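To start, the structure itself, in structure tokens.
There are 2 protein chains.
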Amino acid sequence: MEANELRELGQQFRVDSVRCAAAAKSGHPSSGMSAADLMAVLVANHYRFDFDNPKRAENDRLIFSKGHASTLLYAIFRATGAITDEELLQYRQFDSILEGHPTPRIPWVDVATGSLGQGLPLGVGIGIAAKQLDQLPSRVWVLHGDSEMAEGSVWEAFEHAAHYELDNLTAILDVNRLGQRGETMVGWNLDIYRDRAQAFGWHTIEIDGHDVDAIESAYAEAEQTKGRPTVVIAHTIKGKGVKAIENQPGWHGKALDNPDDAIEELGGLRNIHVDVARPETAEARSFPSGKLELPRYEVGDEVATRKAYGEALAALGSARGDVVAVDGEVSNSTFADLFAKAHPERYFEMYIAEQQMVAAAVGLQARGWNTFASTFAAFFSRAYDFIRMAAISRANLRLVGSHAGVSIGEDGPSQMALEDIASLRAVHSSTVLQPCDANQTAKLVAAMADTEGIVFLRTLRPNTPVIYAADEDFRVGGSRVIRTSDEDAITLVGSGVTVHEALKAADSLEEEGITARVIDVYSIKPIDAETLQAAAEATGRIVTIEDHYPEGGLGDAVLSALAEGGESARVLKLAVTEMPHSGKPDELLSAYGIDAEHIAAAARQLVAEPVTTS
Amino acid sequence: MEANELRELGQQFRVDSVRCAAAAKSGHPSSGMSAADLMAVLVANHYRFDFDNPKRAENDRLIFSKGHASTLLYAIFRATGAITDEELLQYRQFDSILEGHPTPRIPWVDVATGSLGQGLPLGVGIGIAAKQLDQLPSRVWVLHGDSEMAEGSVWEAFEHAAHYELDNLTAILDVNRLGQRGETMVGWNLDIYRDRAQAFGWHTIEIDGHDVDAIESAYAEAEQTKGRPTVVIAHTIKGKGVKAIENQPGWHGKALDNPDDAIEELGGLRNIHVDVARPETAEARSFPSGKLELPRYEVGDEVATRKAYGEALAALGSARGDVVAVDGEVSNSTFADLFAKAHPERYFEMYIAEQQMVAAAVGLQARGWNTFASTFAAFFSRAYDFIRMAAISRANLRLVGSHAGVSIGEDGPSQMALEDIASLRAVHSSTVLQPCDANQTAKLVAAMADTEGIVFLRTLRPNTPVIYAADEDFRVGGSRVIRTSDEDAITLVGSGVTVHEALKAADSLEEEGITARVIDVYSIKPIDAETLQAAAEATGRIVTIEDHYPEGGLGDAVLSALAEGGESARVLKLAVTEMPHSGKPDELLSAYGIDAEHIAAAARQLVAEPVTTS
């Protein structure tokens, strides 16, 4: 498309931004208007995308990191014919897929945005997939706001994109100077962004973001740049084209007061059609698959579940060519290094940058790669917003967190995950697993690869005894009744390390004539409500034991499962109620009241209580 | 101290690092050894600190951002006489305060570290407190690892430190090249760090980190640099001084194999005493205090609780000179801007950098400022690791999150907090509050300022009716029974927006002859277990309603409170179980089953169930 028509297309995008926000009576039209020319040149002359087959690996990807500029994205969709004008005007309505911020409910959107500073890290994941795994010439274009450059995650992405030499990645920085509340720290000093980007290893181009010729040249230069990513730093004007709001504070996130006047000022309604070029057909690289031979452990051996994770993942990688792993510079602790050694082409080191790590995993899975991301479970808290947004992206994400709870010992509370189960249970579409032995871990790792949504596996630092035979099966949503008899007076519910403490407690209780049922709740979400309800009915008394804080963990999950079934039982929750500190693992399990001795004491107390029949 | 003695002191720190790690059989001595000379020069010649009065505002602050190098910090404490040699050798033991990573259990430590990339953002908060609030010449020194430079939060700190012209802040970058698992992305290319730091507005000095004269000059230069912070970029060798481990991978986080040989190689045990200079006595600036005159709202008016937050905080700021606020570039949405306008000297804009925002609040409170931090509740998830670590820092932190739940409407799920209650309940020492009206909000905001630990207040985007008189009192841990009678057949438990829905449901149930008790659980943690237990006993049936996902929120908190009291009731949890999307607030409350109509239907269903006597 030529310059004149590109300018007209930019005006069309502005008009449509004003129109759909006016129809919705909300939205961020001024944020779309600043980037309208940048997007006009992109979609008309550079973007290669098959709207009929949005999942094609050869497609370019366009991420609106400034997701609030959704009016602009939807204006593009209208221009390409992907949606009708009528659909555009349903913007933000309950029955429309055109939400306030883009999500993959829209077929041509891969990842949800709207929490700022996430688009570029996601783009890094997609860029790695295209360049290193698929080995296709498809490009990733990220429309980026200037306000969101204050998010540290953006700089993680800058560093990783350069480290992985992602010359297929172009960031389009829309420097309109104004955030929601006022000016950014940098304002229109484009040179500051240039210096920062260059210091992080990027190629930089500064332009007037309303000069379509300059934009055209910049994109061509980006496409020609080899060995490093490019950022096009564009001086733009927020609300460009409508004098009443141009470069004015106070117009963020608002429909215009007089949309008809604005449309007239912008030259009125247009119906320019954009024929987005389709990419050439090409075959993405794939890796061989084979038979799954999970590691097998002898009952009675002592093996850390984190080690079993690494061994199982390496085996899974041999069986499935689509399995990929990332880790946050702790692969020798999480044992992801076993996968890295076995499948070096499918392992990507993310260094100490957990936000980028999770975002990379989301990007990789968006290109169809079955991605496992690991770090200490405590440090997934660093990426919690990315995990939350991954759920909105409808991502299939496998997260593996090691070093759970006080059982890690001497390193102290900063390294102990004690809120992870609660925070990850609360994520929509999540699955939360915590195996207690190596064989169980291996089976669950294999199951994770076929589980939809956000799947979290919590592994243990210390060795624990193998209690299950290698042939036993474990399914997401299941549990295991390890001990039971007809006379069970109480049920002990553990998960992970506390299963072993519960078993020891059951031994000592048995010596006193109290028979205890022991349930291993290795699947905390979904939880095996049926087995728990049956135990409640049979024993009337339950002790739950978790190496976690008391809120939102195993105990609460059990209570919720019983409530759903209308079961009433006397339930006593044992959990870590104090801020723990350094010490030996056994010392800490005891000090915080979750070892065998405390479990037995709690059981005795419950059994001694007068019976309340339900 | 002169160069020769400084070198000896550095060796002493190395020897002590080896010794205490050997005693503990764990720890990170090689990480302490790289920075030993850097710390020797600092504490002997530059650091000003009154060990007898560690909370003095005039004191310098030293933050070990690389908290795993704790052996070095404790070696310093021994050299200053703050701890004995015997205490040093109790490192990492259960009864010792010298934990694996430093925490404020140690009187001379202000903030916990151990999750990397947090020390510098915390230092920014302390630096702002010293320079802009206290207006004292005290300095902040941050010992920083090179691996942790990959964390985006570090770049948030770089940008904010320059923006606030923190010339009292010096980062000491210990570039030993090696992370836990291998080399960093940058290695020993110090110029890359220099270019990045300069691009972010810092003064930079590159040195050999084992040359005590160079270190001495660098610190002197940092002290003389005005208007911007300084980073001393030091080329160092991990494990320096012990050939067997020097610059070798595989020696991260391990005690040495032959500590006696290493000590001999380092020149043996030393007992150099360091007399740390005390700061000159000076008076920190303070702001006037006055009588608290909270805003008052008329019953029946419609006011958003987020607005009441802003108005109450402005009033609190007038009453208390120690109250300070920060916000993440959304102050016109959270209404923190009302405080900013009323008390501009005590408001600090943190832009879209939630990690830095929370870290700044932790740093500010560490200097005694009563700090409120606000953003959309959903975006506190971006700083979840910082909040978790703030609990380990024993921080008193007031977090205020607006835009809770689906009631925000059109903006869609990226802006809806639906996991916030679960994740924040799980933080140790936390308090979770959710007012439903403006007068209640004002009272709770005032109470927050006197509540210890991590206090989270969740505010609402839409207007809600004022239902409480301005003179009513509300306390942390309380609840309000809004409706009750002798014939209550069921209890409806709401919080925030669902209180109003529960009231409407109770109205319609009453028309059908079902009298419902309605409880406003505005304090979700601690929760008013007594009132809930009484309701369980009286009505036997409870419906909980929350604008939040079902896991770990209000419903689970109620179930847990009932279980603690041994109360059994039939409890039905209403919560948002699907991934929501854009729509009008009322439409969404209905679509996700938490409006009055769904509450009434659930109540009818429970009342119709056959009674189970408890």
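As given, the protein sequences belong to chains V and R, one line each in that order. The working numbering applies: residue 1 is where the first sequence begins, and numbers increase by one. The working numbering applies: residue 1 is where the second sequence begins, and numbers increase by one. Note that CB positions come from ideal geometry on N, CA and C, so glycine has one too. Note that this is a predicted model, so its numbers are computed, not measured.
So what's residue 507 of chain R in DSSP terms, helix, strand or just coil? Reading the second sequence from its first residue, position 507 is the one you call residue 507 of chain R. Of the three classes helix, strand and coil, the one that applies to residue 507 of chain R here is helix, per DSSP.
Chain R contacts from the region 532-562 of chain V (Cβ-Cβ distance under 9 Å): 548, 549, 550, 551, 552, 553, 555, 556, 557, 559, 560 and 562
What is the DSSP secondary structure of residue 463 of chain R, counted as helix, strand or coil? Working through the second sequence from its first residue, we reach residue 463 of chain R at position 463. Looking at residue 463 of chain R - three-state DSSP - the assignment turns out to be strand.
Pairwise C-alpha distance: residue 434 of chain R and residue 374 of chain R: Taking the second sequence and counting its residues from 1, the one referred to as residue 374 of chain R is at position 374. Taking the second sequence and counting its residues from 1, the one referred to as residue 434 of chain R is at position 434. Cα to Cα, residue 374 of chain R sits roughly 14 Å from residue 434 of chain R.
Listed by chain order, chain R residues near residue 146 of chain V by CB distance under 8 Å: By 1-based counting over the first sequence, the position of residue 146 of chain V is 146. Here the premise fails: no neighbours, minimum Cβ distance about 10 Å.
For a contact meaning CB atoms closer than 8 Å, what does residue 172 of chain R contact in chain V? Translated into positions along the second sequence, residue 172 of chain R becomes position 172. Within 8 Å Cβ-Cβ: nothing; residue 172 of chain R doesn't reach chain V, min ~18 Å.
Is it the case that the Cβ atoms of residue 521 of chain R and residue 528 of chain R are separated by a distance below 8 Å? As a first step, residue 521 of chain R is located in the second sequence; it is residue number 521 there, counting from the start. As a first step, residue 528 of chain R is located in the second sequence; it is residue number 528 there, counting from the start. In this structure, residue 528 of chain R lies closer than 8 Å to residue 521 of chain R by Cβ.
Residue 389 of chain V versus chain R: which residues are under 7 Å apart at the beta carbon? Along the first sequence, one-based indexing puts residue 389 of chain V at 389. Within chain R, the residues near residue 389 of chain V are 414.
For residue 301 of chain R, which of R:480, R:469 and R:504 has the nearest alpha-carbon? Along the second sequence, read from residue 1 onward, the residue named residue 301 of chain R stands at position 301. Taking only the C-alpha atoms, the option nearest residue 301 of chain R is R:469.
Assign residue 64 of chain R to one of three DSSP states: helix, strand, or coil. Locating residue 64 of chain R in the second sequence gives position 64, where the first residue counts as 1. Residue state, collapsed to three classes: strand.
Starting from the C-beta of residue 281 of chain V, find all residues in its chain whose C-beta is less than 8 Å away, skip the five residues before and the five after it, and write them out in chain order. Looking up residue 281 of chain V in the first sequence gives position 281. If we look at residue 281 of chain V and ignore the five residues flanking it on each side, its Cβ neighbours are 58.
Answer with yes or no whether the minimum CB distance from residue 74 of chain V to chain R is below 8 Å. In the first sequence, residue 74 of chain V corresponds to position 74, counting from 1. Cβ-Cβ to chain R under 8 Å: no for residue 74 of chain V.
Quick check on DSSP: helix, strand or coil for residue 235 of chain V? In the first sequence, counting from the first residue as 1, residue 235 of chain V sits at position 235. DSSP places residue 235 of chain V in strand when its eight states are reduced to three.
Drop a sphere of 10 angstroms on the beta-carbon of residue 144 of chain R, count the other beta-carbons inside from all chains shown, and report buried for 16 or more, exposed for fewer. Reading the second sequence from its first residue, position 144 is the one you call residue 144 of chain R. Classification for residue 144 of chain R: buried.
Beta-carbon spacing of residue 87 of chain V, residue 98 of chain V below 8 Å: Against the first sequence, residue 87 of chain V aligns to sequence position 87. Against the first sequence, residue 98 of chain V aligns to sequence position 98. Yes, the pair counts as a contact, with Cβ atoms nearer than the cut-off.
Is there a Cβ from chain R that is less than 8 Å from the Cβ of residue 87 of chain V? Your numbering for residue 87 of chain V matches position 87 in the first sequence. No, no contact with chain R.
Counting only runs that start and end within the region 370-420 of chain V, where is the alpha helix (DSSP H) found for 4 or more residues in a row? 384-392
I'd like the list of long-range same chain contacts for residue 21 of chain R, defined as Cβ closer than 6 Å, with 5 residues on each side in sequence excluded. The residue labelled residue 21 of chain R in the question sits at position 21 within the second sequence. Only 27, 29, 71 and 255 meet the Cβ criterion.
Closest by C-alpha distance to residue 171 of chain V, when choosing among V:229, V:116 and V:312: By 1-based counting over the first sequence, the position of residue 171 of chain V is 171. Cα-wise, what sits closest to residue 171 of chain V is V:229.
Would residue 437 of chain V be called buried (16 or more neighbouring beta carbons within 10 Å of its own) or exposed? If you number the first sequence from 1, residue 437 of chain V lands on position 437. Result: buried.
In chain V, which residues lie less than 7 Å from residue 448 of chain R when you measure between Cβ atoms? Counted from its first residue, the second sequence places residue 448 of chain R at position 448. In chain order: nothing, as chain V lies at least about 19 Å away.
With 16 other CB atoms within 10 Å as the buried threshold, where does residue 396 of chain R fall? Here residue 396 of chain R refers to the residue found at position 396 when the second sequence is read from its first residue. Residue 396 of chain R comes out buried.
Residue 220 of chain V classed as buried or exposed, judged by whether at least 16 other C-beta atoms fall within 10 angstroms: Taking the first residue of the first sequence as 1, we reach residue 220 of chain V at position 220. By the neighbour-count rule (16 or more Cβ atoms within 10 Å), residue 220 of chain V is not buried but exposed.
Output, in chain order, the set of chain R residues within a Cβ distance shorter than 7 Å of residue 355 of chain V. For the purposes of this step, residue 355 of chain V is identified with residue 355 of the first sequence, where counting begins at 1. Here the neighbours are 152.
With a cut-off of 8 Å, do at least 3 Cβ pairs link the region 196-215 of chain R to the region 265-274 of chain R? no
On the DSSP letters alone, give me the boundaries of the alpha helix (DSSP H) that residue 215 of chain V sits inside. Within the first sequence, the letter at position 215 stands for residue 215 of chain V. Counting along the chain, the alpha helix (DSSP H) containing residue 215 of chain V begins and ends at 212-224.
Am I right that residue 175 of chain R and residue 235 of chain R are in contact with their C-beta atoms under 8 Å? What's the rounded C-beta distance? By 1-based counting over the second sequence, the position of residue 175 of chain R is 175. By 1-based counting over the second sequence, the position of residue 235 of chain R is 235. Confirmed, about 6 Å.
Look at the Cβ atom of residue 3 of chain V, then the Cβ atom of residue 212 of chain V, and state whether they are nearer than 8 Å. Position 3 of the first sequence, counted from the start, is the residue given in the question as residue 3 of chain V. Position 212 of the first sequence, counted from the start, is the residue given in the question as residue 212 of chain V. Yes, Cβ-Cβ distance for residue 3 of chain V and residue 212 of chain V is below 8 Å.
Short of 6 Å in beta carbon distance, which residues of its chain neighbour residue 614 of chain R, apart from the five on each side in sequence? Order them along the chain. In the second sequence, the residue the question calls residue 614 of chain R occupies position 614. For residue 614 of chain R, the predicted structure reports a pLDDT of 44, less than 50, and the residue's modelled location is therefore unreliable. A value from the coordinates is still provided. Same-chain partners within the cutoff: 568.
In terms of residues, what are the limits of the alpha helix (DSSP H) holding residue 474 of chain V? If you number the first sequence from 1, residue 474 of chain V lands on position 474. Residue 474 of chain V -> no alpha helix (DSSP H), and no H or E assigned at all.
Distance, residue 284 of chain V Cα to residue 251 of chain V Cα: Sequence index remark: in the first sequence, residue 251 of chain V carries index 251 (1-based). Sequence index remark: in the first sequence, residue 284 of chain V carries index 284 (1-based). Straight-line Cα distance between these residues: approximately 45 Å.
So, is the C-beta of residue 385 of chain R closer than 8 Å to a C-beta in chain V? As a working mapping, residue 385 of chain R is identified with position 385 in the second sequence. It does; some Cβ of chain V falls within 8 Å.
To the nearest angstrom, how far is the alpha carbon of residue 334 of chain V from that of residue 96 of chain V? Along the first sequence, one-based indexing puts residue 334 of chain V at 334. Along the first sequence, one-based indexing puts residue 96 of chain V at 96. Rounded to whole angstroms, residue 334 of chain V to residue 96 of chain V spans 43 Å at the Cα level.
Just verifying my parser: in three-state terms, what is the DSSP assignment at residue 613 of chain V? For the purposes of this step, residue 613 of chain V is taken as residue 613 along the first sequence, with counting starting at 1. Only weak support exists for where residue 613 of chain V lies, its pLDDT of 48 falling under 50; the value from the coordinates is given anyway. Here residue 613 of chain V sits in coil by DSSP.
What do you reckon, are the CB atoms on residue 485 of chain V and residue 596 of chain V nearer than 8 Å? Residue 485 of chain V sits at position 485 when you count from the first residue of the first sequence. Residue 596 of chain V sits at position 596 when you count from the first residue of the first sequence. Not closer than 8 Å, so no.
Anything in the region 588-611 of chain R with a Cβ closer than 9 Å to a Cβ of chain V? List those residues in chain order, please. 588, 591 and 609
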